[in-house]
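Step one of this worksheet: look at the structure below.
Residue numbers (the UniProt record's numbering), protein chains in the order written: chain C, 1 to 245; chain F, 1 to 228.
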């Protein structure tokens, strides 16, 4: 049974269709990357999965159980097993690094504070930020903020992690430190959904690559298939352009 | 000659009159600011909601803010005054003034607080939402702490302006500072002297308030780290 299954999903912003006939399934521990030109609906797909944009039709199944996005309780349950990291980090600006990581487990989940704190420090150490626990987000570089955001997501022990263009707002030097963090996670068997424009990274870590354009899944397959031998003209065109650069 | 006037102006009876006026002005200001702030907060929070079920309340809150910020203070005062008379509630003139100041302060502060809350970036709401914060939890832990430094300065400048506006209560016969000074000038005391005294008394109320506002501003700027 796939851990996450998307069947014939459709979504729009007002009258503008942004996703159509999306079918995807993700096995536990798989790393699925969404690639494609800007505006193709990659980020929107993650927003729909997270319940930030209600789908118009279609089914999302998590561990075989379909999720009704109109039902608040079901969305809450879904959000306790899926976490998202945003392109713009979206750290809470009024809290320190440590508070950002601890607030949800302690105040929302009610987990015991001592254990959460130990956990948070362990996570922040892992992403290389043990020395900035008391810093506020705007005292950190973009790469550091993004690593805090990843730690914040992991503190909830999610089953699935969604990464929405997490390196798009970073300069090239900082990209590496964030990608290293994700690479490490990838080796630990957490299921990940990655939207990224870092093609060599995508090729390296993904178990499956999905090429999207104009709100549709155009082609999906192994990284080798998509990058070396794409079947669809649209995908071939996109990959060709990237590889030329 | 002026010594004689001063001594006479500050006779026991007149001092009591001025102090009573001061107390009335003080009460109108403090209760108006406080109740207005609390009510304004509720209005702002209500107006930020998105749920369909709350749509009628949202519309009511919007209309309330929209209307009461556009009616002159004096007209609101008269409205409440005549409404209380025709409804046989028989509120004292002081209560009428009190209700009016609360109505007005709530409308203005509701708008100030709402714009402060809205100044917090949408992505903060989204992050909280995806971490399963409820609406009120998002407000409490994330939005309000960030909106605070935006809300405080206009709130205190409103308070200071508002204290002066309570003088309009004299128009319906409330014995506050301005009415007391009218009584004294009618009794033949030098207007310069009487209003000079009243000026000092108004200043005594509003100056500590603006100092408090300044201090709050600084301390809030310190908890959130200041940008260079």
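Ideal Cβ positions, reconstructed from N, Cα and C, are used throughout, including at glycine.
- Rounded to whole angstroms, the separation of the alpha carbons of residue 86 of chain C and residue 166 of chain C is 6 Å.
- Contact fails between the stretch 47-60 of chain C and the stretch 205-223 of chain C, because fewer than three Cβ pairs, one in each stretch, are under 8 Å apart.
- Note on geometry: alpha-carbon atoms of residue 36 of chain F and residue 192 of chain F lie some 34 Å from one another.
- The Cβ atoms of residue 150 of chain F and residue 116 of chain F sit closer than 9 Å to each other.
- Under the DSSP assignment, residue 183 of chain F falls in the alpha helix (DSSP H) whose first and last residues are 177-186.
- The residue from C:34, C:1 and C:31 with its alpha-carbon nearest to that of residue 65 of chain C is C:1.
- Here residue 185 of chain F is near residue 194 of chain F, since their CB atoms are less than 9 Å apart.
- Shown in chain order are the members of the stretch 44-63 of chain C whose Cβ falls below 7 Å from a Cβ of chain F: 50 and 52.
- Residue 130 of chain F belongs to the set of residues whose beta carbon lies under 9 Å from a beta carbon in chain C.
- For residue 92 of chain C, the CB contacts under 6 Å within the same chain, skipping 5 residues up- and downstream, are 100 in chain order.
- Membership of residue 10 of chain C in the beta strand (DSSP E) is indicated by the continuous run 4-13.
- A direct Cα-Cα distance of roughly 28 Å separates residue 58 of chain F from residue 28 of chain F.
- Taking 9 Å as the threshold, the shortest C-beta distance from residue 183 of chain F to chain C does not fall below it.
- Per DSSP, the beta-bridge partners of residue 209 of chain C are C:33 and C:221.
- Between residue 147 of chain F and residue 102 of chain F, the beta carbon gap of about 23 Å keeps them out of contact (Cβ cut-off 8 Å).
- At a cut-off of 9 Å between beta-carbon atoms, residue 200 of chain C makes no contact with chain F.
- Within chain C, the residues 104 and 108 have their CB atoms less than 8 Å from the CB of residue 133 of chain F, given in chain order.
- In the three-state reduction of the DSSP assignment, residue 164 of chain C falls in the strand class.
- Nearest in C-alpha terms to residue 71 of chain C, of all of C:103, C:51 and C:41, is C:51.
- The alpha-carbon of residue 121 of chain C is positioned some 29 Å away from that of residue 75 of chain C.
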